[in-house]
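Below is one structure, written out as structure tokens; the observations come after it.
Protein chains: 2
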Amino acid sequence: MEKLKRQGQLDPDARGVGAFGEAALIERISGILPSTSPPEIILGVGDDCAVVKIDRERALVATGDILVEDVHFRFEHISAYELGRRAAAVNLSDIAAMGARPTVALVSCAMPDDFPVDRFDDIIRGIRDQLADNEAHVVGGNLARTPDGLTLDIFMLGEVRLKRMLTRSGAAAGDRILVTGHLGDSKGGLMILEKYKRSYPDRFEKLVRAHLQPAPRIEAGRLIAASGFATAMIDISDSLAIDLLHVCRASDVGAEIELERIPVGDELAEAAVFLGAESREMALYGGEDYQLLFTVKPDTPRAILADISRGSDTRITEIGTIIASGDGCRLVDTDGGRRPLEPDGWDHF
Amino acid sequence: MEKLKRQGQLDPDARGVGAFGEAALIERISGILPSTSPPEIILGVGDDCAVVKIDRERALVATGDILVEDVHFRFEHISAYELGRRAAAVNLSDIAAMGARPTVALVSCAMPDDFPVDRFDDIIRGIRDQLADNEAHVVGGNLARTPDGLTLDIFMLGEVRLKRMLTRSGAAAGDRILVTGHLGDSKGGLMILEKYKRSYPDRFEKLVRAHLQPAPRIEAGRLIAASGFATAMIDISDSLAIDLLHVCRASDVGAEIELERIPVGDELAEAAVFLGAESREMALYGGEDYQLLFTVKPDTPRAILADISRGSDTRITEIGTIIASGDGCRLVDTDGGRRPLEPDGWDHF
Numbered sequence: 001m002e003k004l005k006r007q008g009q010l011d012p013d014a015r016g017v018g019a020f021g022e023a024a025l026i027e028r029i030s031g032i033l034p035s036t037s038p039p040e041i042i043l044g045v046g047d048d049c050a051v052v053k054i055d056r057e058r059a060l061v062a063t064g065d066i067l068v069e070d071v072h073f074r075f076e077h078i079s080a081y082e083l084g085r086r087a088a089a090v091n092l093s094d095i096a097a098m099g100a101r102p103t104v105a106l107v108s109c110a111m112p113d114d115f116p117v118d119r120f121d122d123i124i125r126g127i128r129d130q131l132a133d134n135e136a137h138v139v140g141g142n143l144a145r146t147p148d149g150l151t152l153d154i155f156m157l158g159e160v161r162l163k164r165m166l167t168r169s170g171a172a173a174g175d176r177i178l179v180t181g182h183l184g185d186s187k188g189g190l191m192i193l194e195k196y197k198r199s200y201p202d203r204f205e206k207l208v209r210a211h212l213q214p215a216p217r218i219e220a221g222r223l224i225a226a227s228g229f230a231t232a233m234i235d236i237s238d239s240l241a242i243d244l245l246h247v248c249r250a251s252d253v254g255a256e257i258e259l260e261r262i263p264v265g266d267e268l269a270e271a272a273v274f275l276g277a278e279s280r281e282m283a284l285y286g287g288e289d290y291q292l293l294f295t296v297k298p299d300t301p302r303a304i305l306a307d308i309s310r311g312s313d314t315r316i317t318e319i320g321t322i323i324a325s326g327d328g329c330r331l332v333d334t335d336g337g338r339r340p341l342e343p344d345g346w347d348h349f
Numbered sequence: 350m351e352k353l354k355r356q357g358q359l360d361p362d363a364r365g366v367g368a369f370g371e372a373a374l375i376e377r378i379s380g381i382l383p384s385t386s387p388p389e390i391i392l393g394v395g396d397d398c399a400v401v402k403i404d405r406e407r408a409l410v411a412t413g414d415i416l417v418e419d420v421h422f423r424f425e426h427i428s429a430y431e432l433g434r435r436a437a438a439v440n441l442s443d444i445a446a447m448g449a450r451p452t453v454a455l456v457s458c459a460m461p462d463d464f465p466v467d468r469f470d471d472i473i474r475g476i477r478d479q480l481a482d483n484e485a486h487v488v489g490g491n492l493a494r495t496p497d498g499l500t501l502d503i504f505m506l507g508e509v510r511l512k513r514m515l516t517r518s519g520a521a522a523g524d525r526i527l528v529t530g531h532l533g534d535s536k537g538g539l540m541i542l543e544k545y546k547r548s549y550p551d552r553f554e555k556l557v558r559a560h561l562q563p564a565p566r567i568e569a570g571r572l573i574a575a576s577g578f579a580t581a582m583i584d585i586s587d588s589l590a591i592d593l594l595h596v597c598r599a600s601d602v603g604a605e606i607e608l609e610r611i612p613v614g615d616e617l618a619e620a621a622v623f624l625g626a627e628s629r630e631m632a633l634y635g636g637e638d639y640q641l642l643f644t645v646k647p648d649t650p651r652a653i654l655a656d657i658s659r660g661s662d663t664r665i666t667e668i669g670t671i672i673a674s675g676d677g678c679r680l681v682d683t684d685g686g687r688r689p690l691e692p693d694g695w696d697h698f
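Residue numbers (our numbering), protein chains in the order written: chain A, 1 to 349; chain B, 350 to 698.
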């Protein structure tokens, strides 16, 4: 019966998962899982991290990210050590997006027989160092073989004060929209790597590093959450556009951001000219920046934002405003014209 | 430099990971990770679960298990639904081995584009049902593409009372060695599947189910831990022989078990004759039984063990005794002769 179904062209269930996006598959999962869960599960499938209550004041946050060779990375672009750091960083970034403190990680590593053991060691060293930078620790994991190619899957846990936790929902009309750091650097770095492999000109080093070794914004995330003025937060992994749309959907609001205010660094501006690309488009749709996008109440004092910036040594830029849900999500162009924000970016699935 | 090293035949670091066993790679990891960790990390790499203190009374336990298509399973042997159940079960079994209560799971699923979406749904259903049987919940996860073949990685959390927790260490000379259930059924089921695929004779159904849908011994694990008489515990995943050796190494003791006392069910005895195999060897070295192996103090009352058995509806069999470390680990043969216990079984790496 199963086989018959699969041969039929008309049955939609016979389609491969490639015909679906990540969002559609997550919706299928949500439809299959029980619709109710016990009260200690504060957040399940659908935010940066799952959140499970520990006691009256604290919750555990948990996230995972699986990286597949030749899908998510190539060893001609990234060293094993950098891969280890990067795999840890993208998980830490999800922890940062909740305003949480990372604690421990489990590492699953599936490798072919001929995977060089020195590369394996370097991956572990990279994970170790990235976690050490953020006072987190590897406590376990799992090794397996693959017929071909490396799969690296890191699960990361953290802890958060329930009163301080931020999620994608919580933004309200009138709230201001801000981001940490420069955006688009990672996309610029990727394009440079694709053009030059590892022999790129020195002046693009910062962009390449932004791509290969993103710095999770743990301290900024904690200060933003602790400020008491933030209303929602997400890390920019898919793209500024997609992740802002995630916040709008979860918060049931719209947003208006100004293209001109999106923070683009000098290096990216230079690289964009060189690559014949638009730096602000790269910043808007590039993804994998692992900066934080957050919203704050309209009356948030300038001094509060300055304190967060100084305390975390991170640039903070206001790029727009949350508006009513019915007004949609839109972009104010450099000429003042408005266009809908398109959900373009990096679909990690 | 790195490239030069890799071309050299004499550099041991140029070897592929396939030249190492799982234990050797875990030792490399331990050598790379920091030698000290904060006091809240009670157990790191090396037991069934990592253990992290939550407060004075409770700890979080965490484990993960990655399954790779054509390495750990084949869809000609197992349905997608069964695979989901099984992947959840092997993680739950690690939680059981600590005497812990499972809570939440994260699921990473990496699939090729043409992976049928109905299979994907069935995997999620299987995971859901296995977790529901044990009052645990999927709270998140991660989807990714692979060039080829499915990789399913489940990360499972649980909670344990620190006073009740059992680990691999803790066994002392004189302690009695016990196991839950029948052993070898899973190996028998696998051999039947390899011989017949899914068209096996009905009388081997129980063995095939033991292989495809092992039942994690959560309730038995909790009762064993709560009894106050148990000293060490592990789940039998590699094999009775290997997992007993794990306990001996972690506890710094030896062990003597009697081949004749290893519990073998009638179905396995029949299948063994049929397959031309030795049922007790299958029970000793087969692995993947996901029963519990535990040790109890010498003076443990018979009534305590009977209560655990009744309370968890699980057979419990005493198979030997913990002895001094210097006496090694040995097997008393049916003819009364002693031989060293060989570390044969299923290397999951």
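All C-beta atoms in this analysis are idealised placements derived from N, C-alpha and C, irrespective of residue type, glycine included.
- If you ignore the 5 residues before and after A:A50, its C-beta comes within less than 8 Å of the C-beta of I41, L43, G44, V61, A62 and T63, all in its own chain and listed in chain order.
- Contact annotation: B:M447 and B:D414 have beta-carbon atoms that are not nearer than 8 Å.
- In this structure, the CA atom of B:A438 is about 17 Å from the CA atom of B:V488.
- Counting the other CB atoms within 10 Å of its CB gives B:P650 a total below 16, which places it among the exposed residues.
- Between the alpha carbons of A:R145 and B:T500 lies a distance of about 11 Å.
- When secondary structure is reduced to three states using DSSP, A:I323 falls in the strand class.
- Beta-carbon to beta-carbon, B:P451 and B:I567 are separated by about 7 Å, close enough to satisfy the 8 Å threshold.
- Listed along the chain, the chain B residues whose CB falls inside 7 Å of the CB of A:I29 are I473.
- With a cut-off of 8 Å on Cβ pairs, the stretch 640 to 656 of chain B is in contact with the stretch 575 to 591 of chain B, counting three or more such pairs.
- Under the DSSP assignment, A:C49 falls outside any alpha helix (DSSP H); it carries neither an H nor an E label.
- Rounded to the nearest whole angstrom, the C-alpha separation of A:D113 and B:L416 is 16 Å.
- Shown here is that no member of the stretch 169 to 185 of chain A has a Cβ falling below 9 Å from a Cβ of chain B.
- Per DSSP, the unbroken alpha helix (DSSP H) holding B:G538 starts and ends at D534 to Y545.
- Contact between A:F204 and A:E267 is confirmed by a C-beta separation of about 7 Å, below the 8 Å threshold.
- At a cut-off of 8 Å between beta carbons, B:S658 makes no contact with chain A.
- The beta carbon of B:I672 sits closer than 6 Å to those of A522, G603 and E605, all from its chain and outside the five residues before and after it, given in chain order.
- Around the C-beta of B:P496, fewer than 16 other C-beta atoms lie within 10 Å, and the residue is accordingly described as exposed.
- A:G221 is not a Cβ neighbour of A:A303, given a cutoff of 8 Å.
- Using a CB distance below 9 Å, the part of the stretch 442 to 459 of chain B facing chain A consists of T452, V453, L455, V456, S457, C458 and A459, ordered along the chain.
- For the stretch 622 to 643 of chain B, the beta-carbon criterion of a distance under 8 Å to any beta-carbon of chain A is satisfied by none of its residues.
- Scanning the stretch 96 to 177 of chain A from its first residue to its last, the whole beta strand (DSSP E) runs of 3-plus residues come out as 101 to 111, 137 to 145 and 151 to 161.
- Annotation for A:A226: G99 and R164 place their beta carbon closer than 8 Å to its own, counting only its chain and skipping 5 residues before and after.
- Rounded to whole angstroms, B:R434 and B:A559 show a C-alpha spacing of 12 Å.
- Annotated three-state conformation of A:E256 is strand, per DSSP.
- The three-state reading of DSSP puts B:I378 in helix, counting H, G and I together.
- The DSSP-derived three-state label of A:V247 is helix.
- Sequence-distant partners of A:G328 (beyond 5 residues in either direction) whose C-beta falls short of 7 Å from its own C-beta, in its chain, are G254 and P340.
- Put simply, the CB of A:N142 is near chain B, with a gap under 8 Å to one of its CB atoms.
- Nearest to B:L432 by alpha-carbon distance, out of B:P612, B:G380, B:R474 and B:A581, is B:R474.
- Counting C-beta pairs closer than 8 Å gives fewer than three between the stretch 369 to 388 of chain B and the stretch 417 to 425 of chain B, which falls short of the contact rule.
- Under DSSP, B:E389 shares a beta bridge with no residue.
- Scanning its chain for C-beta atoms nearer than 6 Å, with the 5 sequence neighbours on each side dropped, one finds around A:L305 the residues I316, in chain order.
- The bridge partners DSSP lists for B:I665 are B:T529.
- Contacts between A:I54 and chain B, judged by CB atoms closer than 7 Å, involve I403 in chain order.
- In the structure shown, the three-state DSSP call for A:D65 is strand.
- In the three-state scheme derived from DSSP, where H, G and I count as helix and E and B as strand, A:I304 is classed as helix.
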